[in-house]
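Colleague: Before anything else, here's the structure in question.
Protein chains: 4
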Amino acid sequence: MHDKYMLLATCKDKVGITSLITSTIAQYNSNILHLDHFTEYDNKNDTEGNLYLRFEFEKVDGVKAALETELASHNITYELFDSSVKTKIALFVSKEDHAFNEVLLRVQREEIPAEIVCVVSNHENNRHFAESFNIPFYYVPSNEEKPVVEQKILDICAKHDTELIVLAKYMQILSDNFVNHYEHKIINIHHSFLPSFIGANPYKQAWERGVKLVGATGHYVTSDLDEGPIIDQDVIRINHRYNVQDLRKTGRHVESQVLAQAVEYHVLHKVIVTTGNKTIVFA
Amino acid sequence: MHDKYMLLATCKDKVGITSLITSTIAQYNSNILHLDHFTEYDNKNDTEGNLYLRFEFEKVDGVKAALETELASHNITYELFDSSVKTKIALFVSKEDHAFNEVLLRVQREEIPAEIVCVVSNHENNRHFAESFNIPFYYVPSNEEKPVVEQKILDICAKHDTELIVLAKYMQILSDNFVNHYEHKIINIHHSFLPSFIGANPYKQAWERGVKLVGATGHYVTSDLDEGPIIDQDVIRINHRYNVQDLRKTGRHVESQVLAQAVEYHVLHKVIVTTGNKTIVFA
Amino acid sequence: MHDKYMLLATCKDKVGITSLITSTIAQYNSNILHLDHFTEYDNKNDTEGNLYLRFEFEKVDGVKAALETELASHNITYELFDSSVKTKIALFVSKEDHAFNEVLLRVQREEIPAEIVCVVSNHENNRHFAESFNIPFYYVPSNEEKPVVEQKILDICAKHDTELIVLAKYMQILSDNFVNHYEHKIINIHHSFLPSFIGANPYKQAWERGVKLVGATGHYVTSDLDEGPIIDQDVIRINHRYNVQDLRKTGRHVESQVLAQAVEYHVLHKVIVTTGNKTIVFA
Amino acid sequence: MHDKYMLLATCKDKVGITSLITSTIAQYNSNILHLDHFTEYDNKNDTEGNLYLRFEFEKVDGVKAALETELASHNITYELFDSSVKTKIALFVSKEDHAFNEVLLRVQREEIPAEIVCVVSNHENNRHFAESFNIPFYYVPSNEEKPVVEQKILDICAKHDTELIVLAKYMQILSDNFVNHYEHKIINIHHSFLPSFIGANPYKQAWERGVKLVGATGHYVTSDLDEGPIIDQDVIRINHRYNVQDLRKTGRHVESQVLAQAVEYHVLHKVIVTTGNKTIVFA
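Chains as they are written, first to last, in the UniProt record's numbering: chain B, 1 to 283; chain V, 1 to 283; chain U, 1 to 283; chain A, 1 to 283.
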């Protein structure tokens with residue numbers, strides 16, 4: 001494959017935007033490899049919509065600068081990525097290792113084209129696994145004031161030029177301050193049920209309710225919401241023979257798969273967070 | 001296939017129950033075709049469990065009476081069904097016809113081995129479909145006091161010896177009094193999402209939240225809970241291109257399938273409601 | 001929603017095609033509502049690829065004619081549809097009614113935005129259902145020479161300006177001659193298993209082999225292949241308790257859902273058949 | 001949980017077998033925790049069926065010996081397991097590590113209650129991972145005559161008292177002689193598609209055919225069949241944007257999950273292979 005650029009762009013929908021971008025790309029003789037164009041209008045109000053765009057196009061001299069000028073002059077919010085540059089991930093984990101193992105191994109196998117630059121944990125038990133792949137492991141216990149702990153972690157992330165934080169069952173709540181440093185750049189996984197169970201011990205609640213599906217939701221972390229924009233979800237079917245431990249085990253399996261998938265979508269630059277706080281995933 | 005009996009039985013778990021039942025059946029030279037035996041102990045307390053049993057065994061002279069005597073003398077709650085006798089269903093529907101059509105057609109095709117004895121609706125629009133299959137259709141509008149309306153419906157159900165009421169998108173809330181007449185004999189379907197959305201216009205809420213799965217839950221209706229014991233659940237994957245109408249459409253598809261499946265499980269006598277208000281489905 | 005045009009276009013991939021189309025549309029002040037752009041290169045040979053495009057854009061005076069001139073002059077294969085015009089479907093069915101019912105009812109509910117212009121069958125049993133919706137039903141028995149029978153059917157289809165033939169369990173093999181009249185305009189459904197079973201009684205074979213999933217494939221019918229381009233597939237999980245009849249029943253359920261979905265994709269003009277005889281489904 | 005016994009039993013179906021077993025267990029005051037009873041009659045011939053039984057019951061002094069005497073005297077084929085004794089697994093792997101990693105990590109997390117006694121590989125690349133968990137790793141290259149190589153491997157397996165061989169993408173074909181040493185004690189995983197593709201490069205074939213689902217089948221290895229009894233299957237949905245590499249990646253994900261699930265079913269003694277060469281999985 002040739003090197004390519006990936007463009008994610010958002011603006012108020014109006015006539016001519018896509019024509020503008022495609023003609024700029026064409027002027028530089030760069031071929032468009034993929035293009036997803038999605039407009040969303042509020043259900044009630046048909047007059048004001050948003051346009052979400054994703055392009056993959058050949059890396060040709062000059063096209064990037066020209067495009068950036070064009071996008072800026074039209075007030076289009078965008079991110080532009082080079083396919084040869086891998087996203088730098090800081091992987092956060094507490095004790096449970098399932099989601100952590102899955103993400104780390106998929107990156108190792110190059111199934112997720114990213115680089116894990118460090119592992120941060122409030123437990124020591126996953127050090128060995130991380131270090132066996134020569135990934136720096138930072139033990140940051142939660143025994144100090146949260147601002148102190150979080151500053152240490154922010155320093156570690158900064159030191160490694162972290163671009164994405166993946167919470168692979170990191171069981172500490174991040175402060176608004178922390179989250180604001182990485183807006184829409186922190187991915188988390190949590191259990192999901194139909195119907196959902198809020199509060200302590202959701203698997204126990206789900207077992208008592210006799211649910212037939214166990215699910216997981218991968219989402220961005222935001223400061224002002226319990227849950228941020230959903231990236232991916234999946235379920236596994238269970239039956240009455242599953243006890244609470246079996247539900248937890250099944251939950252781990254679906255969590256691992258969904259988190260890894262969500263991370264893959266992100267590092268392939270397939271996700272746009274909308275103004276309405278949900279995601280467009282050009283899967 | 002030979003005619004057979006189906007037995008659903010529940011009691012406190014103790015040594016010897018299954019031995020007792022199987023030896024009684026064997027004494028009459030009746031062969032057991034299926035046997036599901038499930039014990040459930042509370043997670044905390046290991047000393048007191050419940051036993052749930054389902055048997056299918058050949059219909060042989062004398063075995064039924066002997067078994068009933070045995071079960072009664074040991075304080076076992078049970079239901080005993082004859083496979084040659086079809087469950088009589090009253091199908092309730094409002095305007096939307098998707099779940100109604102699906103259940104009715106599966107019964108017509110003998111995919112669900114039951115008999116639809118009547119259709120009850122607060123709208124006229126589904127009369128034609130019901131009557132084209134020679135099923136009595138009762139229009140019972142909701143323009144009177146609820147007790148009056150419900151008494152009319154109870155009379156209709158009684159007249160047709162109704163054994164199971166299926167709410168195929170019947171958009172009227174049934175009173176406790178009504179529900180108590182058909183304990184664990186009313187099946188309903190409702191939408192389900194991960195995470196779930198309570199209140200008005202759940203599909204709009206789900207769309208705004210950007211969910212990636214649309215689901216449905218088939219359950220028994222109970223008087224003292226918002227939702228009774230879950231019989232079956234399923235989901236269909238969606239993406240950001242689905243607008244609110246598309247979500248509703250997808251919801252209808254999964255609702256139809258799940259309701260029909262739940263009804264099938266019930267009329268095959270595969271479902272036991274536990275003391276803990278959930279179901280054991282020997283699927 | 002405003003009326004809109006849908007464009008499906010295919011050509012050799014080269015720089016500038018999308019720019020050309022989008023700028024033509026923009027010139028007429030028509031807004032693009034959706035745009036899917038997909039290029040596919042042979043895995044080995046990176047130099048020659050194909051471009052597949054789907055546009056939805058506002059219906060504005062003049063844009064259609066201008067676009068058609070442009071597309072023709074650049075040797076682009078295309079189809080251009082008006083969203084206000086429904087696809088005319090001839091629904092073919094033999095005895096089994098499940099897929100036939102599902103497609104017909106989804107069209108009635110406007111879940112599938114199409115018009116069923118006639119039903120053709122080699123059996124009489126589905127006449128009543130079709131006619132209860134005022135759809136013309138043609139009984140064309142298979143007791144004559146195939147060319148004679150097929151000519152009758154072609155005449156019926158022509159009389160109703162049929163644009164799409166849906167084989168909803170129509171158990172007659174269509175000749176190459178017939179298929180050539182409706183290239184990529186005939187959709188069929190067939191069972192699918194992992195692993196697949198060829199020859200007589202596939203459900204018996206699947207049962208003997210103990211498969212855990214029952215599937216279905218919706219595809220276009222082509223003359224030169226056993227199976228044409230796949231539009232959609234799905235599976236339902238089963239277990240050892242399912243006998244051969246249960247497998248058939250499950251097969252019917254998944255067939256109905258997959259066929260209806262495939263038809264919906266087609267009439268929403270979301271499917272392009274590639275030169276390599278597979279489909280691009282912009283789902 | 002108390003220790004318990006698991007019994008898998010198979011015999012010609014006749015009246016009284018389950019009564020016999022349950023009364024023997026009850027005599028020793030052992031409580032039955034689970035009981036699955038399944039009879040299967042040939043579809044055509046109703047007179048000769050097979051009975052498949054699975055019991056879990058409390059480990060009480062004397063019950064095991066009494067039961068074994070009883071089972072033997074009635075010509076019942078059986079296996080009796082003690083829940084406190086973990087199955088000893090030899091894990092075979094070639095170069096690709098995904099299924100190997102998944103099974104090994106699930107065993108480490110005690111999600112699969114088994115013991116991996118050794119890893120056998122014809123490549124060195126997975127040595128580090130195995131040894132980091134203190135599991136003996138044997139490099140047995142394929143550069144000698146197959147009988148010589150296989151004898152080495154059989155010796156390794158014997159040395160470790162191997163009870164189950166798991167082929168986690170072990171890309172060597174095992175001889176009939178080898179397979180006969182471990183009848184229904186070797187589990188393999190292979191890709192599955194609807195429709196299936198035989199021969200070289202199935203993912204390329206599947207891509208060319210435009211399949212919409214990628215699947216995997218976990219099965220026992222037998223000498224006289226291409227594929228032995230199926231234990232589990234699953235699929236993942238894909239779309240036209242997946243190239244051949246993406247199909248392979250998706251195939252790896254579903255292979256890992258299905259293999260791990262199949263191994264779990266086996267070591268929980270939930271699988272019986274029937275005389276008809278398929279499985280009963282009491283899942």
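Glycine included, every Cβ here is placed at the ideal spot set by N, Cα and C.
In this text, all values refer to a predicted model and were calculated from it rather than measured experimentally.
How about GLN233(B): is its C-beta nearer than 9 Å to some C-beta of chain V?
Modeller: True, the Cβ-Cβ gap to chain V drops below 9 Å.
Colleague: Within 9 Å (strictly less), CB to CB, does ARG54(A) reach chain B?
Modeller: ARG54(A) does not count as touching chain B.
Colleague: Mind listing the chain A neighbours of ARG237(V)? Cutoff is C-beta to C-beta under 8 Å, in chain order.
Modeller: ARG237, listed in chain order.
Colleague: Starting from ILE21(A), trace the alpha helix (DSSP H) in both directions and tell me its first and last residue.
Modeller: Residues 17-27.
Colleague: Could you compute how far the alpha carbon of PHE57(U) sits from the alpha carbon of ALA168(U)?
Modeller: Spanning the two alpha carbons is a distance of roughly 32 Å.
Colleague: Checking 9 Å against the spacing of the C-beta atoms, do LEU7(B) and GLU124(B) come in under that value?
Modeller: For LEU7(B) and GLU124(B), no; Cβs fall outside 9 Å.
Colleague: If I measure Cβ to Cβ from THR274(A) and keep anything under 8 Å in the same chain, skipping five residues before and after, which residues do I get?
Modeller: Once the five neighbours on either side are set aside, the close Cβ partners of THR274(A) are THR10, GLU40, ASN50, TYR52, PRO229, ILE280.
Colleague: Got a sec, what are the start and stop residues for the beta strand (DSSP E) ARG54(U) sits in?
Modeller: Here the beta strand (DSSP E) through ARG54(U) covers 49-58.
Colleague: Spatial neighbours of residue 331(U) within its chain, please: CB distance less than 6 Å, with the 5 preceding and 5 following residues excluded, ordered by chain position.
Modeller: For chain U, the structure presents residues 1 to 283; residue 331(U) sits outside this window and is missing.
Colleague: Closer than 7 Å by beta-carbon distance: list the chain B residues that pair up with HIS98(A), in chain order.
Modeller: The answer, in chain order, is ARG109.
Colleague: Could you tell me how far apart the beta carbons of THR22(A) and THR24(V) are, in whole angstroms, since I believe they sit closer than 8 Å?
Modeller: Between THR24(V) and THR22(A) the Cβ distance is about 12 Å, and since that is not below 8 Å, they are no contact.
Colleague: Can you give me the Cβ contacts of ASP3(B) inside the same chain, cut-off strictly under 6 Å, excluding the 5 residues immediately before and after it?
Modeller: Once the five neighbours on either side are set aside, the close Cβ partners of ASP3(B) are LYS59, SER83, SER84.
Colleague: Any idea what DSSP makes of LYS249(V), helix, strand or coil?
Modeller: Note: LYS249(V) maps to helix in three-state DSSP.
Colleague: So if I threshold CB-CB distances at 8 Å, which residues from the region 212-228 of chain B count as touching chain V?
Modeller: Those would be LYS212, LEU213, GLY215, THR217, GLU227, in chain order.
Colleague: Am I right that ASP234(V) and ALA216(V) are in contact with their C-beta atoms under 8 Å? What's the rounded C-beta distance?
Modeller: So it is a contact: roughly 6 Å between Cβ atoms.
Colleague: Could you please give me the residues that DSSP links to SER192(V) through a beta bridge?
Modeller: In the DSSP output, where bridge partners are listed per residue, SER192(V) has GLY215(V).
Colleague: Would the region 198-205 of chain B and the region 141-156 of chain B be scored as touching if the rule is three or more Cβ pairs under 8 Å?
Modeller: Result no; under three Cβ-Cβ pairs closer than 8 Å.
Colleague: For ALA130(A), which residues in the same chain have their Cβ closer than 6 Å to its Cβ, ignoring the five residues on either side in sequence?
Modeller: The residues are VAL119, PHE137.
Colleague: I believe residue 302(B) touches VAL179(B) by the beta-carbon criterion, under 8 Å. Please report the beta-carbon distance rounded to the nearest angstrom.
Modeller: There is simply no residue 302(B) to check, as chain B begins at 1 and stops at 283 in what is shown.
Colleague: Using a Cβ distance threshold of 8 Å, determine whether the region 63-73 of chain U contacts the region 140-152 of chain U, with at least three qualifying pairs required.
Modeller: Contact between the region 63-73 of chain U and the region 140-152 of chain U is absent, because fewer than three Cβ pairs lie under 8 Å.
Colleague: Once you ignore the five residues that flank ARG127(V) on each side, which residues in its own chain have a CB closer than 6 Å to its CB?
Modeller: Same-chain partners within the cutoff: PHE137.
Colleague: Residues in the same chain with beta-carbon distance under 8 Å from ASN277(U), minus the five sequence neighbours each way, listed in chain order, please.
Modeller: So the list reads THR222, LEU225, GLY228, PRO229, once near-sequence residues are dropped.
Colleague: Check HIS34(U) in the structure and name its three-state DSSP category.
Modeller: Strand.
Colleague: For GLN233(U), report the span of its beta strand (DSSP E) as first-last.
Modeller: That run of the beta strand (DSSP E) goes 230-237.
Colleague: Give the DSSP-derived three-state secondary structure of LYS4(A) in the structure shown.
Modeller: Reduced to three states, the DSSP call for LYS4(A) is strand.
Colleague: Assuming ASP161(V) contacts LYS88(V) under a Cβ cut-off of 8 Å, what Cβ separation, rounded to an integer in Å, is found between them?
Modeller: At roughly 5 Å, the Cβ-Cβ gap stays under 8 Å, so ASP161(V) and LYS88(V) are in contact.
Colleague: Give me the DSSP bridge partner(s) of ILE165(U).
Modeller: DSSP lists ALA90(U), ILE186(U) as partners of ILE165(U).
Colleague: Closer than 9 Å, CB to CB, is THR162(V) near chain A or not?
Modeller: It does not; no Cβ of chain A falls within 9 Å.
Colleague: Pull out every residue of the region 189-201 of chain B whose Cβ sits closer than 8 Å to any Cβ of chain V, in chain order.
Modeller: Hits within the stretch, in order: SER192, PHE193, LEU194, PRO195, SER196.
Colleague: Quick one: is ASN101(U) near chain V, going by C-beta distance under 9 Å?
Modeller: True, the Cβ-Cβ gap to chain V drops below 9 Å.
Colleague: Any idea if GLY251(V) is buried or exposed, counting beta-carbon neighbours within 10 angstroms, 16 or more meaning buried?
Modeller: Result: buried.
Colleague: Would you kindly report the start and end of the unbroken beta strand (DSSP E) that includes GLU79(B)?
Modeller: Here the beta strand (DSSP E) through GLU79(B) covers 77-82.
Colleague: Sort out for me which residues DSSP pairs GLU115(U) with in a bridge.
Modeller: Answer is LYS88(U).
Colleague: What residues from chain B crowd round LYS249(A), counting only those whose CB sits closer than 7 Å?
Modeller: Within chain B, the residues near LYS249(A) are GLU111.
Colleague: State yes or no: is the beta carbon of THR22(U) nearer than 9 Å to at least one beta carbon in chain D?
Modeller: Reference to chain D is not applicable here, since the protein chains of this structure are B, V, U and A.
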